[in-house]
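Trainee: I'd like to ask some things about the structure below.
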Amino acid sequence: MPEKVIIRSIISPHQRESFTQFIPLSPDMTREIGRTVKEIFDSLGGAALLKSSRDVYVKPNGIDAKAYCYTRPEVVRAVIEYWQSAGARQVYLMENSTQANYTRVVFEVNGYRDICRDTGAIPLYLDEEKTIGFEFTGRKSIYDGDPRGYDRSHCEMPVTVTEKLIRRRDENLYVNVPKLKTHSMAGVTLGIKNQWGFPVHTSRGHDHNYNLPYKLTDVLSLLRPDVTLIEGIEGTVYGHYPVTALADRCVKPFRVLIGSLNVAAADLAGAKILGLDRADVAHLDQAIKRNLTGGVTGLDDIELEGDFSTLENIDILGDKPSSGKYPADLFDFFPWDVKVLKGKELACREGCVNNPLTLLQVLFHDHNGRGGWTLVMGKGFDPDEIDEIQGRVLVAGHCAIEEVAERLVKRLGKKKVYLSGECNDLAATAEAMFHLMKVNPVSFLPRRRGAAVLAFLMARLHGSKSRVPNPLSHLIKMV
Numbered sequence: 046m047p048e049k050v051i052i053r054s055i056i057s058p059h060q061r062e063s064f065t066q067f068i069p070l071s072p073d074m075t076r077e078i079g080r081t082v083k084e085i086f087d088s089l090g091g092a093a094l095l096k097s098s099r100d101v102y103v104k105p106n107g108i109d110a111k112a113y114c115y116t117r118p119e120v121v122r123a124v125i126e127y128w129q130s131a132g133a134r135q136v137y138l139m140e141n142s143t144q145a146n147y148t149r150v151v152f153e154v155n156g157y158r159d160i161c162r163d164t165g166a167i168p169l170y171l172d173e174e175k176t177i178g179f180e181f182t183g184r185k186s187i188y189d190g191d192p193r194g195y196d197r198s199h200c201e202m203p204v205t206v207t208e209k210l211i212r213r214r215d216e217n218l219y220v221n222v223p224k225l226k227t228h229s230m231a232g233v234t235l236g237i238k239n240q241w242g243f244p245v246h247t248s249r250g251h252d253h254n255y256n257l258p259y260k261l262t263d264v265l266s267l268l269r270p271d272v273t274l275i276e277g278i279e280g281t282v283y284g285h286y287p288v289t290a291l292a293d294r295c296v297k298p299f300r301v302l303i304g305s306l307n308v309a310a311a312d313l314a315g316a317k318i319l320g321l322d323r324a325d326v327a328h329l330d331q332a333i334k335r336n337l338t339g340g341v342t343g344l345d346d347i348e349l350e351g352d353f354s355t356l357e358n359i360d361i362l363g364d365k366p367s368s369g370k371y372p373a374d375l376f377d378f379f380p381w382d383v384k385v386l387k388g389k390e391l392a393c394r395e396g397c398v399n400n401p402l403t404l405l406q407v408l409f410h411d412h413n414g415r416g417g418w419t420l421v422m423g424k425g426f427d428p429d430e431i432d433e434i435q436g437r438v439l440v441a442g443h444c445a446i447e448e449v450a451e452r453l454v455k456r457l458g459k460k461k462v463y464l465s466g467e468c469n470d471l472a473a474t475a476e477a478m479f480h481l482m483k484v485n486p487v488s489f490l491p492r493r494r495g496a497a498v499l500a501f502l503m504a505r506l507h508g509s510k511s512r513v514p515n516p517l518s519h520l521i522k523m524v
């Protein structure tokens, strides 16, 4: 049987101002979103989807408080209020934000905490919980003879996820509410990728390379959403973390909501709106190959309802490139005075390449970050090229560290060499770049800084396991 996917357009006009100004949605659009969310959930089963506990766990994309990175609060509110009116005993809003963030701080700044106060939903800061371990099985370990296998197969996940959504999945409703975004390391970040928020930070940095698609599907093998609603009021191209100064290039006002009981079906539809197919999204392809998609293998397995009769050649805004695909890789506009050296043997866009480049671009364009230094990533370097490096240098990723760090420290000294290990230790990368580019970490809080500082202290008091840059890292070399 084909899986139903509902795509509904939001008719109310979007903002007329430049997208470099991130502003709340209009009252008319907010009301229309509430009606449309209700229509989609009703069509998917509504109150009949509630399980024996009548508890609902909502997982938005709350990676950060940066503009256009997270699920719109207006949609999150509509989702919470729908399930409350449908008879939920309790609605929980849960997240474990991306590396370099405390979830409690993100909720305070992006408005999610206000929604919880207004609606009575209970916020769950997953980074503050105890954890339970799992073994990922998508690939063998490098220690079992596979040179491209996992560096680390063990993964820790918060107790709410393990107890409520895995072991007691038959009792609790799990609603996944990602944002419609391309991703420079994963093709897209939709329903399946949204679950990467469940592993704790220390379980994310390893294998954030060519093995990332396998680990994303490992998480899917442990739990799958009961309902997925993709928020596409805006979508992002050129990756998942758009530079605000470039928002008019990177943000697309698609004004759609996509709902399905099958996360892979929802993701295929969302990817197609972005012009991307199964072949463009490695983790979606892996999920299908591992039979984790409920029989869905492509668009032929989708029964489309709503405001679109077909996904073939869909071009909502009429501005798709001639290739038919919106760009997922980073916009090519980087500081001219930061020299970037990539290894010739290996340089993974999923990890040591596009993670640092994303942050470099944001710090330069949105925070007036300074250049005058060198970024080294990957493996397979010409020793003469390394010996030509002068001044300060950031070595990103364990491959580059193992190959060139000692050579650089011996010649330049520890004060000029910054190290960020694993495949993606984003907190260490941020600490290095804050110091190199003289950007105060507090500038990443676009509003409500007083409340955010209090939330920062509370997160530490509650034992958050998040890896977060030192607030003084712009003044003191930490790595």
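46 is the number of the first residue of the sequence shown in my numbering; add one for each residue after it.
Think of the CB as a built atom: it goes at the ideal place given N, C-alpha and C, for glycine as much as any other residue.
#1: Counting beta carbon pairs with one atom in the segment 223–238 and one in the segment 303–320, are three or more of them shorter than 8 Å?
#2: Starting from Phe179, trace the beta strand (DSSP E) in both directions and tell me its first and last residue.
#3: Could you tell me the boundaries of the beta strand (DSSP E) in which Leu138 lies?
#4: Which residues bound the alpha helix (DSSP H) around Ser266?
#5: Classify Cys393 as helix, strand or coil using the three-state DSSP reduction.
#6: Helix, strand or coil: how does DSSP classify Ile68 here?
#7: Using only the alpha-carbon positions, how far apart do Glu447 and Lys49 sit?
#8: Between which two residues does the alpha helix (DSSP H) containing His412 stretch?
#9: Shortest alpha-carbon distance to Lys111 belongs to which of Asn155, Arg122, Pro69 and Thr148?
#10: Quick one: complete alpha helix (DSSP H) runs, 4+ long, within the segment 300–363?
#11: Select from Asp432, Arg335, Asn336 and Asp312 the residue whose C-alpha is nearest the C-alpha of Asp325.
#12: Is the beta carbon of His59 less than 8 Å from the beta carbon of Gln144?
#13: Just curious, the beta strand (DSSP E) that Glu8 is in, first and last residue?
#14: Sort Val301, Ser488 and Gly495 by Cα distance to Thr81 and report the nearest one.
#15: What's the C-alpha gap between Leu297 and Gly280?
#16: Could you compute how far the alpha carbon of Lys384 sits from the alpha carbon of Arg149?
#17: Based on Cα-Cα distance, which residue from Gly414, His412 and Glu433 lies nearest to Val421?
#18: What three-state label does DSSP hand Ile278 in the structure shown?
#19: Less than 8 Å between the CB atoms is what I'm expecting for Gly423 and Ala450, so what's the real figure, rounded?
#20: What would DSSP say about Val204, mapped onto helix, strand or coil?
#21: Taking the DSSP output, what are the residues bridged to His228?
#22: If you count every other CB in all the chains shown that lies within 10 Å of the CB of Ser511, and 16 or more means buried, which is it?
#23: Per the DSSP calculation, Ile52 is bridged to which residue(s)?
#24: Using the Cα positions of Phe479 and Asn217, report the straight-line distance between them to the nearest angstrom.
#25: Which residue from Pro287, Pro223 and Cys397 puts its Cα closest to that of Phe378?
#26: Between the C-alpha atoms of Ala332 and Arg249, what's the straight-line distance to the nearest angstrom?
Mentor: Taking the coordinates as given:
#1: yes
#2: Thr176 to Glu180
#3: Gln135 to Glu140
#4: Leu257 to Leu267
#5: coil
#6: coil
#7: 49 Å
#8: Asn399 to His412
#9: Asn155
#10: 308–318 and 327–334
#11: Asp312
#12: no
#13: Residue 8 is absent from the model: the chain starts at 46 and stops at 524.
#14: Val301
#15: Leu is not the amino acid found at residue 297; the sequence shown has Lys there. Rounded to whole angstroms, Lys297 to Gly280 spans 5 Å at the Cα level.
#16: 36 Å
#17: Glu433
#18: strand
#19: Not confirmed; about 13 Å, so no contact.
#20: helix
#21: Gly232
#22: buried
#23: Ile303 and Gly351
#24: 42 Å
#25: Pro287
#26: 19 Å
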